[in-house]
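A.B. asks:
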Amino acid sequence: MTAQPHRLPEGGAIDRSRPLGFSFNGRRYTGFAGDTLASALLANGVHLVGRSFKYHRPRGILSAGTEEPNAIVQLGSGASGLPNLKATRVELYEGLAARSVNCWPGPWFDLAAVNGFAHRLIPAGFYYKTFMWPHRGWHLYEPFIRRMAGLGRAPDGPDPDRYERMNAHCDVLVVGAGPAGLAAAEAAGRSGARVILADEDCPPGGMLLGSADAGGHGEATAGLEAMDNVRVLTRTVVTGYYDHNFLIALERVTDHLGPAAPAHLPRQRLWRIRAGRVVLATGALERPLVFANNDRPGTMLAGAARAYVNRFAVLPGRRAVVVTDNDSAYAAALDLHRHGVEIAAIVDLRPDGDGTQCAEAREAGLNILSGHAVIDTAGRRRVRAARVARLNDDGSLAGTVSALPCDLIAMSGGWSPAVHLFSQSGGTLRYDAALRAFLPDVSPQAARCAGASNGAFDTASCIAEGHAAGAGEPGAPGPVQPAAPVSWAVPARSRAGEARRFVDFQNDVTAADIELAAREGYESVEHLKRYTTLGMGTDQGKTGNVPGLAILAGTLGLSIPEVGTTTFRPPYEPVAFGAIAGRDVGPLADPVRRTPLHAWHEENGAVFEDVGQWKRPFYYPQEGETKDEAVARECLAVRNAAGIMDASTLGKILVCGPDAREFLNRVYTNAWDGLAPGRCRYGLMLGEDGMVLDDGVTACLSENRFLTTTTTGNAARVFAWLEEWLQTEWPDLEVYLTSLTEQFATVALAGPDSRKLLGALTDDIDPAPDVFPFMAWREGRVAGLPARVFRISYTGEVSYEIVVSAGDATDLWAALMTHEVTPFGTEAMHVLRAEKGYLMIGQETDGTVTPLDLDMGWMLNKKKDFIGRRSLARSAMRDPMRKRLVGLRTEDPATVLPEGAQILAEPPSGAPETMIGHVTSSYRSATLGRSIALALVKGGRDRAPGTVHVPLDDRTVRAEICDPKFYDPEGERLNG
Amino acid sequence: MLLIPCPWCGERDESEFACGGEAHIARPPDPDALNDAEWADYLFMRTNPKGSQRERWCHTHGCGRWFNVERDTVTHRILSVYRMGEPPPKDAP
Ligand SMILES: [Zn+2]
């Protein structure tokens, strides 16, 4: 451990009684409670913290806040590793272990820094141009680019941390707890409104924390905490502003505690806030000046240097050059000076600065070089000197260059109001030439900026604006500090220097890149952004965007408002996926639905299949059985004896009312007029576009009552679909829908022995085929339980679906299991129905398949209208070359085609092929002793008999087109 | 995330609702009287205005009722809400 050579003996908002040990790139240091990682590193004299994204240039800490582009670190490793954090926002804790990202082996010696020498080879648009090259070239560059361009390491396992989501409502949300935000929250709180004040920092105070007169915010904060109607959220960054005053904020609950975090607290909390109105007191972000080698470590924003010395009692340098194009940096110079930093010079790009602080600086005897600029820097991993030259009135270089030795360059290129959230709210921006900044103009939402985010840069104006905004009073425009029209990029003396004037530090975008992009025709600011990657880093160009677009405007000879700004989109700050997911992970990610028989299935070794949210038994492997063997055994049991299946997941909708029958006529393709009580009918439901939506059997319970079944996965969708038509199109129909899916359980009893079995289980239902024919239903008692029995079949065998109350399901199943029956799962059902050529919704249909494609024209009633009928009358629907349902028999009966495989008319030639269809279902059929498949093929069975070709990874399979009814095509077994 | 005033339940989060697209597109009483182009127009073509639009919403995770919303597609401001079958308010702001 080393001492903190750059720490002041007193002052600052740090706790010297609580030293904290931490490591950076493996070296151990100490800091104090109240430090950020950045301030602790600076206290130890560490400026070099990483390498830049493209050229791997040494980079130092630029800022003291959320706008930091350079000091990007990784905390921890493995599953709990946190990539791409800003050292300026990481609060120090005991044992914190951080590493630089994007350099290897470390920032002092980075092998990839050779990129810097090859600089001219990687101009603007390099990535873009590389992507545009022929496919053949890309694979050569990809590994190189990926390795070179990495930023941080993704965690390698599930996130072990816990996150929470909170919903909150308030009358006034105040974002930012600087002078404006504190005043706004206080005014709103005093009015009795429910207030939430959110600030990304801790403690609240904003700019006050970094200015010399720190302390005044303490009272304001205490006053707020005394008000019951005000909630203060610290360490909470509002990252997204959405419609109707809905905002997302991320609270870092225990990040600052590290391993000492109490177990009962989540790591982070995502706040979903609905606000009556919003006061955006988000402050302003200082801009860098653009001059050659302005990225040399030891070069930082003037406001940041001021914050480090005032808030953290850290000297970011011993001898500083302050360079500015506005008054604000004079305060920084004075504060640095006061704390013992030697000010080599204040270099002011303007011919004369005349603010009060300029006068103070003069009185303090500071050396002010008006009309001068820093045009270059010297040094390698730390700045050694600033090269200074006089400027002509037009911004060009005049006179000789002198080198001012220094170890800190504090720069200020003016301030950009943080209008991000205002812009996200839908607000428009206007460019203020006097302030040289985009200011909030009009928002369609109840949003209002106050303080520096509104262009008011002095504390008194901030407080006044905040107070007015919080109280909901009209605000008076604050005094405007005019900025002199100075150039946005300082010229360099050499071409090499020209090429190293950085605008976007994180993405290594230079003024020359922007000028080149403009010459190449990327004149729109949105195109410029994508071409040069300006503003596309994790910092989203918070510092460099305005200088960047100003340089573009200058190159194009346009005004800044003419060029405009890129769109501000959420999030303002990156948000971990874990925080978005909250507790909705693992078993809580999605509800799981289980049938009343689930426990039996589990106890009897069922393998489950997810169907929608349902868990359905897929098959029941016996000791030593493979899946294929189990499915084959189950299929043969149904074909040769009897099987039972849990069909409880099928959707059940009760359709009641005097107009129920008419309603069914409209929503199904077939007619329901003749369906008598005691009978059922298969129905096909289409969308209005004529495509198959769902199918199922509907039973007539009585004249005005029908029980409709839907497929498992479509139950909710069909219910909603029917409701929509009733409520929006046919309110004149008196029909009531009730979902009964979970109220009843269904057991399908199928196979040639099923009639005998049913007879053994019931006294009051006569199963004789002449009195209980196919497509009839009967009510009675089965195994002593009240039941409805439907004689319908999806397997092609004599089959009964026995429906009982959900609570009776286990008794029914147990009674059935006392007989010679084989439980079968969904896979056997799929095979059995495919052997019969029955369609399965979602397998043979995908929203583009009509009944005609499925050879189900017989299902279309010609005497009535129904949803989808008119669409089927379009000539294109009758095109014989539409994809239509066929059966496929592979030449080799042992080959099972993969579902989804593409089908060719001719063997593959090596050239791009024309697909004529695809395999929709494919199984090994134990009944037939061979593989079978269903497919949708252009021309359908017009191609039969004929051969098609199915190219697979390693070979091409030949198959014959055939009738999809592979088994018992006449339905003798079904009707028997 | 819109805040939608359901005529039955009051203001609720958009996540409770499903949007059913443009309102007041009645199903033609005699579809056969329409040629293919007219039918396609009913089926697929929507106004997609910039500004005020009348659209159908369903409070799917609430009362389950469909209703009409008049919304500004630029600002997302909800100008009026009225029940299914009711005529749109004439002088919506
Ligand atoms: Zn409702």
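Protein chains in written order, with our numbering: chain A, 2 to 977; chain B, 13 to 105.
Backbone N, C-alpha and C fix where the C-beta goes; we use that ideal spot for every residue, glycine too.
Keep in mind the model is a prediction, meaning the values are calculated, not measured.
So, does the segment 354-362 of chain A touch the segment 329-342 of chain A, judging by three or more C-beta pairs under 8 Å?
C.D. replies: Touching, per the Cβ criterion.
A.B. asks: Return the chain-ordered list of same chain residues with a C-beta closer than 8 Å to the C-beta of B:Arg39, the five sequence neighbours on each side being excluded.
C.D. replies: Answer for B:Arg39: Tyr54, listed in chain order.
A.B. asks: Pull out every residue of the segment 213-244 of chain A whose Cβ sits closer than 8 Å to any Cβ of chain B, in chain order.
C.D. replies: Flagged, chain order: Tyr243 and Asp244.
A.B. asks: Interface residues of chain B around A:Arg870 at Cβ under 8 Å?
C.D. replies: Chain B residues near A:Arg870: Pro43.
A.B. asks: Around the C-beta of B:Arg68, are 16 or more other C-beta atoms found within 10 angstroms, so that it is buried, or is it exposed?
C.D. replies: Flag for B:Arg68 reads buried.
A.B. asks: Under 6 Å Cβ to Cβ from A:Leu398, same chain only, skipping five residues before and after it: list those, please.
C.D. replies: Closer than 6 Å at the Cβ level, and outside the excluded window around A:Leu398, lie Ala390 and Pro492.
A.B. asks: Check A:Lys55 in the structure and name its three-state DSSP category.
C.D. replies: It is coil, neither helix nor strand.
A.B. asks: Taking the C-alpha atoms as reference points, what is the distance between A:Val375 and B:Arg58?
C.D. replies: Going from the Cα of A:Val375 to the Cα of B:Arg58 covers about 59 Å.
A.B. asks: So is B:Arg58 in contact with chain A if we call contact Cβ pairs under 8 Å?
C.D. replies: B:Arg58 does not count as touching chain A.
A.B. asks: Just to make sure I have the definition right: I need the residues of chain A whose C-beta is within less than 9 Å of the C-beta of B:His88. Which are they?
C.D. replies: The answer, in chain order, is Asp244, His245, Gly427, Pro445 and Gln446.
A.B. asks: Would the beta-carbon of B:His71 be found less than 7 Å away from any heavy atom of ligand 1?
C.D. replies: Yes, the Cβ of B:His71 comes within 7 Å of a heavy atom of ligand 1.
A.B. asks: For the putative contact between A:Ala751 and A:Glu798, defined by C-beta atoms under 8 Å, what is the C-beta separation to the nearest angstrom?
C.D. replies: Their Cβ separation, rounded to whole angstroms, is 5 Å, which keeps A:Ala751 and A:Glu798 in contact under 8 Å.
A.B. asks: Whose CA, out of A:Glu343, A:Ala379 and A:Arg383, lies closest to the CA of A:Asn368?
C.D. replies: For the residues A:Glu343, A:Ala379 and A:Arg383, the minimum Cα distance to A:Asn368 belongs to A:Glu343.
A.B. asks: Are there any heavy atoms of ligand 1 lying less than 7 Å away from the beta-carbon of B:Cys18, as far as the coordinates show?
C.D. replies: It does: the Cβ of B:Cys18 is within 7 Å (strictly closer) of some heavy atom of ligand 1.
A.B. asks: DSSP on B:Val86, reduced to helix/strand/coil?
C.D. replies: Coil at B:Val86, not helix or strand.
A.B. asks: According to the Cβ coordinates, are A:Arg253 and A:Gln269 closer than 8 Å?
C.D. replies: Yes. Within cutoff.
A.B. asks: Can you tell which of A:Ala184, A:His257 and A:Val420 has the C-alpha that lies nearest to the C-alpha of A:Thr1?
C.D. replies: Because chain A in this structure spans residues 2 to 977, residue 1 of chain A falls outside the shown range and cannot be described.
A.B. asks: Rounded to the nearest angstrom, what separates A:Val668 and A:Gln844 at their Cα positions?
C.D. replies: Whole-angstrom Cα-Cα distance: 22 Å.
A.B. asks: Could you give the residue range of the beta strand (DSSP E) that holds A:Lys653?
C.D. replies: Residues Gly652 to Cys657.
A.B. asks: Using the Cβ count rule (16 or more neighbours within 10 Å means buried), how would you classify A:Thr283?
C.D. replies: By the neighbour-count rule (16 or more Cβ atoms within 10 Å), A:Thr283 is buried.
A.B. asks: Around the C-beta of A:Asp674, are 16 or more other C-beta atoms found within 10 angstroms, so that it is buried, or is it exposed?
C.D. replies: By the neighbour-count rule (16 or more Cβ atoms within 10 Å), A:Asp674 is not buried but exposed.
A.B. asks: With 8 Å set as the bound, which would you pick, yes or no: does the beta-carbon of A:Gln844 sit closer than that to a beta-carbon of chain B?
C.D. replies: By this cut-off, A:Gln844 is not an interface position.
A.B. asks: Give the residues from the segment 723-735 of chain A that approach chain B closer than 8 Å (Cβ to any Cβ), ordered along the chain.
C.D. replies: Flagged, chain order: Glu724, Glu725, Gln728, Thr729, Glu730 and Pro732.
A.B. asks: Once you ignore the five residues that flank A:Ile645 on each side, which residues in its own chain have a CB closer than 6 Å to its CB?
C.D. replies: Correct list, in chain order: Val748, Leu750, Leu817, Val822 and Pro824.
A.B. asks: Unbroken beta strand (DSSP E) runs of length 3 or more, entirely within the segment 399-458 of chain A: which are they?
C.D. replies: Listed in chain order, the complete beta strand (DSSP E) runs (minimum 3 residues) inside the segment 399-458 of chain A are 409-413, 416-418, 430-433, 438-441 and 448-450.
A.B. asks: Exposed or buried, what is A:Met916 when buried is set at 16 or more other beta-carbons lying within 10 Å of its beta-carbon?
C.D. replies: That one is exposed.
A.B. asks: Give the range of the alpha helix (DSSP H) segment to which A:Trp722 is assigned.
C.D. replies: Per DSSP, A:Trp722 belongs to the alpha helix (DSSP H) from Ala716 to Glu725.
A.B. asks: Which residue from A:Trp272, A:Leu861, A:Trp731 and A:Asp355 puts its Cα closest to that of A:Arg166?
C.D. replies: Answer by Cα proximity: A:Trp272.
A.B. asks: Quick one: grab the DSSP three-state call for B:His73.
C.D. replies: The answer is coil: DSSP assigns B:His73 none of H, G, I, E or B.
A.B. asks: Just list the alpha helix (DSSP H) runs in the segment 22-81 of chain A, keeping only unbroken ones of 4 residues or longer that don't cross its boundaries, in chain order.
C.D. replies: Qualifying alpha helix (DSSP H) stretches, in chain order: 38-44.
A.B. asks: On a CA-only basis, which of A:Gly277, A:Val504, A:Arg388 and A:Leu248 is nearest A:Ala321? Give me that one, please.
C.D. replies: If we check each option's Cα against that of A:Ala321, A:Arg388 comes out closest.
A.B. asks: Can you list, in chain order, the residues of its chain with a C-beta nearer than 6 Å to that of A:Ser426? Leave out the 5 residues immediately preceding and following it.
C.D. replies: Closer than 6 Å at the Cβ level, and outside the excluded window around A:Ser426, lie Tyr242, Ser444, Gln446 and Ala448.
A.B. asks: Determine the direct distance from the alpha carbon of A:Ser212 to that of A:Val323, and round the result to whole angstroms.
C.D. replies: Distance between the alpha carbons of A:Val323 and A:Ser212 is about 17 Å.
A.B. asks: Tell me, please, whether the CB atom of A:Pro135 is closer than 8 Å to any CB atom in chain B?
C.D. replies: No answer about A:Pro135 holds up, because its pLDDT of 48 lies below 50 and its placement is not dependable.
A.B. asks: Have a look at the DSSP bridge pairing and note the partners of A:Pro618.
C.D. replies: Beta-bridge pairing links A:Pro618 to A:Phe609.
A.B. asks: Which residue comes first and which comes last in the beta strand (DSSP E) that contains A:Cys171?
C.D. replies: Segment Tyr164 to Val176, the beta strand (DSSP E) holding A:Cys171.
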